[in-house]
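Scroll down for the structure; my scribbles are underneath it.
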Amino acid sequence: MSLPLRYMVAALVFAVLAFGFAAAYAPSFLEAVFLTPHLLAVTHLTALGWLTMVAMGALYQFVPVVLDVGVFSERLGKVQFYAYLAGVAGLAYDMGAGRMQTLAWPAGALVLAIGLFLYNMARTLARVERWPLTGWYILAALASLGLVVAAGFTLALNLTLGFVPLSQLAFVEAHAHLAALGWLGLLVIGVSYKLTPMFALSHPFEEWRLGRAVFTLLTGGVAALFTTLVLRLGRGPLLGCWVIIAAGVSLYAWDYATMLRVRRRRPIDLTQQHNIAGVACLTLATLLGLALVLTPADAEVHPRLQLAYAVIALGGWLGLTTLGQLYKIVPFLVWTHRFAPRTGKEKVPLLKDLYPQRLAHAGFVALLLGLVLAVAGIVTGLRPGVEAGFALAGGGIAIAAANLIQVMYR
Amino acid sequence: MNDYDALLAALKNIYDPELGLNVVDLGLIYGIEEHDGTLHVDMTTTVPGCPLHESMLQGVADSLSTFPGVKRVEVRLVWEPLWTPDRISEGGRRALGWAA
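Quick note, the sequences are listed as chains W and X, same order.
Counted the way this note's numbering counts, the first sequence spans residues 1 to 410.
Counted the way this note's numbering counts, the second sequence spans residues 1001 to 1100.
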């Protein structure tokens, strides 16, 4: 199994686990107490197990193609994969079981694995000669990942040693935002600037026209948000950060809509359906982020809005988008390995022929409806809605996982 | 010398597996010339850095190597002129749902 494919398979398994645990732990989510072990376990299964695994696997596949440079070391990538796998599993187990005192061990494995990944990527990127817009996004995303890991490990150590004289909650908020918006968000947006026009045949699309402004606004906004949250600079600066981020998101959403409007390939395929829903969730999450700054922290609805915001951002925007890309990446990897050598000699299937489209679409609808139901349940405080929503979304993810994993046996 | 149309007809079996269109209808074939048993093919992809370029180039080479008298097929990936959707054939446009 190729290096990127290992990451994809593990990511799909973690995604199913994340939603399964989310459905099971739903009652504790509504207690309005954050940093509960269960919530931390689900969050890290989602962010590290599912989303980051897809991101790492995709980069091992994507960087050589987009930046025209070979990966520095595939062997290092394999070592890193197992260290990372052990780290995520250990972290989720410790968090789920409430064993916060031993958290530094799996966190250490994760630091090692991500350190190896960043080293591998740094050596790879050092040889890039021409930097397209997507390359700059990848660079900024990797820099964010380095900071996220440093902040996360500091948090894990601080739980036992207590050596950082900063608010633990502020540190967690800064760490989470840098992970979602900086590492995963910048990557997803940067990659979409390359893949959306390519798949949709949106020629000619000038990526730098608004792309430069989007990049500047989002990287600046994320850096300012991280600093503002860590140092607790107050509501004014926080609002300023969100206005900058909202401006970046608005321009990106406009650019994304333009890519779709000028496309020559008219049918909206499964990946684009995921992406459209993902961009809608990004817009919604941004509006919620702004609303949260303006809502008093002691308002009754505040913690529920915070949770809804996290679900929309992680499960909606990043989850739907990455899953949509998996429907391109996994069939492509399998096709290249199995069918490409037979091209020109015999009839070979198309990528979309490698999995049942209707089943994939059913999975997408289930995931989307499940997320809508879960968010509605969270906002209204209705536990059955949250449980049913996460269970339905988990069913959607399970369908996608089964569908994509069976592609490998074609 | 092989018939140019016959060579193109053979290449209509080489598909971009993502778009579901063959390389001829996509307008990716810029030219084919035959000299002393060697076929020289100039082709492009829809975007530079297309991850499928290697397999499509190999498919083109394999497909043409079966023609009588062909000892070698050289496929060159070119970017001049840059591909645009205007190169897609009428049939290809219909398949993509794009009314010209």
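All residues carry an ideal CB built from backbone N, CA and C; glycine is no exception.
Going by C-alpha to C-alpha distance, which of the options sits closest to residue i?
i: X:Val1047; options: X:Val1023, X:Asn1013, X:Thr1084; result: X:Thr1084
i: X:Tyr1030; options: X:Glu1080, X:Met1001, X:Gly1091, X:Ser1055; result: X:Glu1080
i: W:Pro384; options: W:Ala22, W:Pro4, W:Asn158; result: W:Ala22
i: W:Gly315; options: W:Ala58, W:Val69, W:Leu184; result: W:Leu184
i: W:Lys347; options: X:Gly1091, X:Leu1077, X:Ala1095, X:Pro1017; result: X:Pro1017
i: W:Ala83; options: W:Tyr93, W:Gly57, W:Ala113; result: W:Ala113
i: W:Cys241; options: W:Leu210, W:Val262, W:Leu294; result: W:Leu294
i: W:Gly248; options: W:Thr196, W:Arg304, W:Leu181, W:Val311; result: W:Leu181
i: W:Leu67; options: W:Asp353, W:Gln273, W:Trp136, W:Gly57; result: W:Trp136
i: W:Arg263; options: W:Leu116, W:Phe199, W:Leu307; result: W:Phe199
i: W:Ala179; options: W:Leu323, W:Ile378, W:Gly49, W:Ser28; result: W:Gly49
i: X:Ser1055; options: W:Leu351, W:Gln357, W:Arg342; result: W:Arg342
i: W:His175; options: W:Ala151, W:Ala362, W:Ile276; result: W:Ala151
i: W:Thr196; options: W:Phe171, W:Val172, W:Gly234, W:Ile276; result: W:Ile276
i: W:Thr322; options: W:Phe163, W:Thr271, W:Gly344, W:Leu147; result: W:Thr271
i: W:Tyr327; options: W:Thr36, W:Pro27, W:Val54; result: W:Val54
i: W:Tyr193; options: W:Asp269, W:Leu133, W:Gly234; result: W:Leu133
i: W:Leu51; options: W:Ala246, W:Leu350, W:Leu287, W:Tyr7; result: W:Tyr7
i: W:Tyr60; options: W:Gln357, W:Leu76, W:Glu173; result: W:Leu76
i: W:Arg304; options: W:Lys78, W:Val222, W:Ala376, W:Ser73; result: W:Ala376
i: W:Phe81; options: W:Gly115, W:Tyr93, W:Gly98; result: W:Gly115
Kindly indicate if chain W contains any beta-carbon less than 7 Å away from that of residue i.
i: X:Gly1091; result: no
i: X:Trp1079; result: no
i: X:Thr1038; result: no
i: X:Val1047; result: yes
i: X:Asp1005; result: no
i: X:Thr1044; result: no
i: X:Ile1014; result: yes
i: X:Glu1018; result: yes
i: X:Asp1062; result: yes
i: X:Gly1059; result: yes
i: X:Pro1051; result: yes
i: X:Pro1068; result: no
Shorter than 7 Å from the beta carbon of residue i to some beta carbon of chain X?
i: W:Trp183; result: no
i: W:Thr154; result: no
i: W:Met259; result: no
i: W:Pro356; result: no
i: W:Gly344; result: yes
i: W:Arg264; result: yes
i: W:Trp131; result: no
i: W:Val66; result: yes
i: W:Pro267; result: yes
i: W:Trp335; result: yes
i: W:His203; result: yes
i: W:Leu351; result: yes
i: W:Met198; result: yes
i: W:Ala55; result: no
i: W:Ala176; result: no
i: W:Ala340; result: yes
If the criterion is Cβ atoms closer than 7 Å, does the pair residue i and residue j meet it?
i: X:Arg1087; j: X:Gly1027; result: yes
i: W:Phe19; j: W:Gly289; result: no
i: W:Met100; j: W:Leu159; result: yes
i: X:Ser1063; j: X:Ile1014; result: yes
i: W:Leu187; j: W:Ala141; result: yes
i: W:Leu367; j: W:Ile397; result: yes
i: W:Ala156; j: W:Ala109; result: no
i: W:Leu251; j: W:Val191; result: no
i: W:Ala308; j: W:Ile378; result: yes
i: W:His177; j: W:Leu225; result: yes
i: X:Lys1071; j: X:Gly1037; result: yes
i: X:Trp1098; j: W:Arg261; result: no
i: X:Val1024; j: X:Val1041; result: no
i: W:Ile244; j: W:Leu287; result: no
i: W:Ala170; j: W:Leu103; result: no
Going by DSSP in three states, residue i sits in which element: helix, strand or coil?
i: X:Leu1052; result: coil
i: W:Met198; result: helix
i: W:Glu387; result: helix
i: W:Ile189; result: helix
i: W:Gly370; result: helix
i: W:Asp298; result: coil
i: X:Gly1069; result: coil
i: W:Asn275; result: helix
i: W:Leu30; result: coil
i: X:Glu1018; result: coil
i: X:Val1075; result: strand
i: W:Asp68; result: coil
Please confirm if residue i has its CB atom under 7 Å from at least one CB of chain A.
i: X:Leu1096; result: Absent here is chain A; the protein component of the structure consists of chains W and X.
message: Any contact between the segment 273-283 of chain W and the segment 11-24 of chain W? By contact I mean 3 or more CB pairs, one from each, below 8 Å.
response: no
task: Decide if the segment 391-410 of chain W is in contact with the segment 334-348 of chain W; the criterion is three or more beta carbon pairs, one per stretch, under 8 Å apart.
output: yes
query: Is the segment 56-64 of chain W in contact with the segment 85-95 of chain W, if contact means three or more CB pairs nearer than 8 Å?
result: no
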